[in-house]
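J.:
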Amino acid sequence: MNSHMQKPTRYSPLRRILFPYSGEDALSLKQSLRVLLAWMLFFPLPMTLFPLSLSVLYAYSW
1 MNSHMQKPTR YSPLRRILFP YSGEDALSLK QSLRVLLAWM LFFPLPMTLF PLSLSVLYAY
61 SW
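Using my numbering, the first residue of the sequence shown is number 1, and each one after it goes up by one.
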């Protein structure tokens, strides 16, 4: 068996969405837009939905 053969690394789905590229090559425009869109949705979405859910729970608790 060749010791230089590398086994492909399996990353979690979240890691594959947020960091889909190895960094060895420059990203194409389409790839960079995909990464940018994923980051733009990933962080603001929970920060919006969590307070919204808390305010809905608070409104219905009265």
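All residues carry an ideal CB built from backbone N, CA and C; glycine is no exception. These numbers were taken from a predicted model, which means no experiment stands behind them.
DSSP on Tyr21, reduced to helix/strand/coil?
T.: Three-state result, Tyr21: coil.
J.: Considering only C-alpha positions, which residue in the set Val35, Leu27, Leu54 is nearest to Phe19?
T.: Of Val35, Leu27, Leu54, the residue nearest in Cα terms is Val35.
J.: Under the three-state reduction of DSSP, which class applies to Arg10: helix, strand or coil?
T.: Coil, per DSSP.
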